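Here the structure is laid out as structure tokens; the discussion comes afterwards.
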């Protein structure tokens with residue numbers, strides 16, 4: 024350390040050198056002199072790899088190169104995380120000394136830490152367990168080279184070094200297995216549907232056979248169930264059994280819409296239809312689940328309350344004022360719901376490791392990450408976009424609970440977890456949640472295609488301002504459609520149209536590498552194809568009629584391009600057959616698919632009831 | 005193993021920082037920068053610079069305190 028300062032009095036120099044400075048220069052200074060002093064300082068620093076920064080513990084055949092952060096045992100590299108290496112370094116640098124837990128936490132985790140003794144227990148115990156496991160494994164274990172460092176033995180070796188920890192109350196780690204389902208995005212609807220079929224074909228027998236894989240959340244939208252049942256009508260009984268037992272959480276939404284892309288009425292219907300469909304299946308999840316909407320409308324808490332839901336779950340749009348993992352969210356009318364903020368997103372517990380030790384370390388790291396944001400327990404959402412269930416979850420959770428007492432892992436559902444969470448002292452947030460402070464909101468970007476958006480807006484208006492008001496005025500009372508009657512056959516045509524629009528709105532018009540405002544004919548035609556045409560109300564084509572009278576308002580397209588499409592353009596798309604051999608043909612084929620979306624769907628024999 | 009040496013420049017005056025950065029970079033040093041003491045401690049712990057150039061008059065922490073913490077952590081050489 025070279026101090027370079029304008030302070031030139033003797034006491035400052037003495038204080039600095041005593042505090043650990045190697046050299047002292049005063050401003051103004053000469054650059055050449057500073058460079059010479061830097062060179063001199065560097066001569067005193069051992070260069071990487073050959074100085075006393077390499078520690079050798081002969082008894083263990085262990086070599087620790089602190090400069091290069093390399094640890095080898097018997098010449099084989101030992102993989103350590105940064106935290107493990109820092110702990111090891113502190114321990115071996117202080118042989119014979121008693122190091123307090125406060126000191127270790129402060130040094131390794133940072134100045135804000137000192138009482139979190141469970142971190143130390145987790146890291147030291149995990150490393151020790153791993154080491155024992157490796158030691159007991161046969162020498163021919165091909166994984167042997169990757170064993171973790173036996174910190175406990177190092178500890179014993181560095182005589183007198185002990186880590187003192189006090190046991191604390193275990194922290195509950197709630198793991199909610201789920202999947203997040205974009206019905207159409209970087210793959211066409213039918214391609215994603217086939218994946219959905221594969222997922223549920225795997226999940227349903229697994230849930231019925233393995234009680235330890237206790238719960239599964241089907242993304243809060245009932246439409247994925249109907250998408251599945253259209254292909255697998257025989258699975259209805261199993262689905263209903265599991266839903267009625269609360270092992271599969273369905274609803275409350277019919278679809279996860281973009282709240283700023285649809286009318287208020289569509290939002291209400293979406294919730295009504297979702298709740299009704301879920302009740303047919305055995306009961307809706309009583310949680311207002313908003314995992315990935317790009318911001319939230321102000322009245323959402325009111326809608327939830329009116330629907331009888333007391334809890335919400337949100338991620339995007341949560342403002343910086345929310346400094347913990349929950350808050351009260353209040354609508355303009357004063358109704359409020361306790362809202363769980365999904366810290367780190369709806370996939371903060373994705374890819375649960377197969378190894379119990381790794382799961383415990385993950386919980387520990389997450390606890391560190393949450394810091395003061397944690398309200399007692401921790402919620403890990405075990406799933407992400409189109410994630411398949413992880414069959415080892417139940418086993419790894421049981422093993423992790425057996426091994427340690429710092430965390431208590433439970434596989435659960437949001438409906439069971441949330442009511443038990445604290446409500447005292449939560450901050451209250453009113454109105455829209457449209458802050459980009461905590462998660463990207465893609466400001467000024469709407470997740471729908473212009474043409475789809477227009478068609479839907481025209482249809483919404485036709486229903487809300489003509490169809491239903493006229494029905495109310497002119498139909499005899501016994502023929503007026505009741506909202507969300509739980510039997511499809513009992514629905515009026517108006518209701519069927521309404522349901523169609525709710526479904527269509529959720530289909531985000533996104534494709535690989537798609538440009539923001541690029542029109543895609545298949546969006547429109549796909550819609551038309553699946554459900555006939557845009558709705559006729561009073562015998563006229565609603566879209567056309569309203570198109571003339573409505574001011575030509577451009578809807579907010581995805582101006583910035585698609586976030587996820589940019590991140591992994593064309594992810595998962597693999598050419599097959601002829602298409603693989605001829606990239607040109609593949610392009611042509613894809614164009615044709617776009618143009619004739621409906622025919623392409625018919626061709627694979629799953630016409631989606633079109 | 006890279007032979008490039010890392011220098012951490014802790015200086016709140018951006019003009020001086022830029023000047024030093026330019027001359028150090030031209031001599032093939034890897035220059036890390038920090039305008040505050042707190043940030044410097046984080047950077048030092050993370051990147052382990054070979055040499056630290058420290059201004060005593062920083063906006064947040066006293067330079068002596070920064071020195072103590074750099075030394076206390078025993079991770080910055």
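Protein chains in written order, with my numbering: chain A, 24 to 633; chain B, 5 to 81.
Each residue gets a CB set at the ideal place from its N, CA and C atoms; glycine is no exception.
Predicted model only: the values in this text are computed from it and were never measured.
Cβ neighbour criterion (16 or more within 10 Å) applied to residue i
i, result
"residue 493 of chain A", "exposed"
"residue 60 of chain B", "buried"
"residue 58 of chain B", "buried"
"residue 245 of chain A", "buried"
"residue 348 of chain A", "buried"
"residue 282 of chain A", "buried"
"residue 309 of chain A", "buried"
"residue 70 of chain B", "buried"
"residue 30 of chain B", "exposed"
"residue 404 of chain A", "buried"
"residue 50 of chain B", "exposed"
"residue 37 of chain A", "exposed"
"residue 192 of chain A", "exposed"
Selected residue, minimal CA-CA separation from residue i, among the options
i, options, result
"residue 286 of chain A", "A/488, A/44, A/424", "A/488"
"residue 367 of chain A", "A/460, A/309, A/264", "A/460"
"residue 98 of chain A", "A/86, A/128, A/230", "A/86"
"residue 131 of chain A", "A/109, A/328, A/41, A/145", "A/109"
"residue 234 of chain A", "A/208, A/270, A/378", "A/270"
"residue 241 of chain A", "A/450, A/261, A/219", "A/219"
"residue 228 of chain A", "A/138, A/499, A/192, A/259", "A/259"
"residue 395 of chain A", "A/121, A/345, A/311", "A/345"
"residue 195 of chain A", "A/265, A/475, A/399", "A/399"
"residue 31 of chain A", "A/221, A/418, A/47, A/225", "A/47"
"residue 226 of chain A", "A/202, A/206, A/207", "A/202"
"residue 16 of chain B", "B/65, B/44, B/40, B/52", "B/40"
"residue 392 of chain A", "A/58, A/28, A/101, A/139", "A/139"
"residue 36 of chain B", "B/10, B/42, B/22, B/49", "B/10"
"residue 453 of chain A", "A/481, A/357, A/475", "A/357"
"residue 476 of chain A", "A/61, A/284, A/263, A/192", "A/284"
"residue 221 of chain A", "A/57, A/255, A/111, A/93", "A/255"
"residue 436 of chain A", "A/293, A/243, A/328, A/498", "A/243"
"residue 280 of chain A", "A/444, A/102, A/479", "A/479"
"residue 230 of chain A", "A/207, A/463, A/265, A/123", "A/265"
Three-state secondary structure assigned by DSSP to residue i
i, result
"residue 103 of chain A", "coil"
"residue 52 of chain A", "coil"
"residue 117 of chain A", "coil"
"residue 451 of chain A", "strand"
"residue 371 of chain A", "coil"
"residue 74 of chain B", "helix"
"residue 314 of chain A", "coil"
"residue 47 of chain A", "strand"
"residue 444 of chain A", "coil"
"residue 349 of chain A", "strand"
"residue 215 of chain A", "helix"
"residue 142 of chain A", "helix"
"residue 67 of chain A", "helix"
"residue 540 of chain A", "In this prediction, residue 540 of chain A scores a pLDDT of 34, lower than 50, which makes its location untrustworthy; no coordinate-derived value is stated."
"residue 109 of chain A", "helix"
"residue 51 of chain B", "helix"
"residue 383 of chain A", "helix"
"residue 405 of chain A", "strand"
"residue 126 of chain A", "helix"
"residue 5 of chain A", "Look at the range of chain A in this structure, 24 to 633, and you will see that residue 5 of chain A is not part of it."
"residue 27 of chain B", "helix"
"residue 243 of chain A", "coil"
For residue j and residue i, believed in contact at Cβ under 8 Å, the rounded distance
i, j, result
"residue 335 of chain A", "residue 275 of chain A", "About 10 Å; that fails the 8 Å criterion."
"residue 326 of chain A", "residue 291 of chain A", "6 Å"
"residue 434 of chain A", "residue 238 of chain A", "6 Å"
"residue 197 of chain A", "residue 402 of chain A", "5 Å"
"residue 67 of chain B", "residue 26 of chain A", "7 Å"
"residue 145 of chain A", "residue 427 of chain A", "7 Å"
"residue 84 of chain A", "residue 96 of chain A", "6 Å"
"residue 307 of chain A", "residue 273 of chain A", "6 Å"
"residue 324 of chain A", "residue 369 of chain A", "Contact flag wrong, Cβ pair sits at about 19 Å."
"residue 362 of chain A", "residue 343 of chain A", "So it is not a contact: roughly 15 Å between Cβ atoms."
Tell me, please, whether the segment 206-215 of chain A touches the segment 441-450 of chain A by the rule of three or more beta-carbon pairs shorter than 8 Å.
no
Assess contact between the segment 393-412 of chain A and the segment 292-302 of chain A, defined as three or more Cβ pairs (one per stretch) separated by less than 8 Å. Is contact present?
no
Counting pairs of beta carbons, one from the segment 381-397 of chain A and one from the segment 417-430 of chain A, are three or more of them closer than 8 Å?
yes
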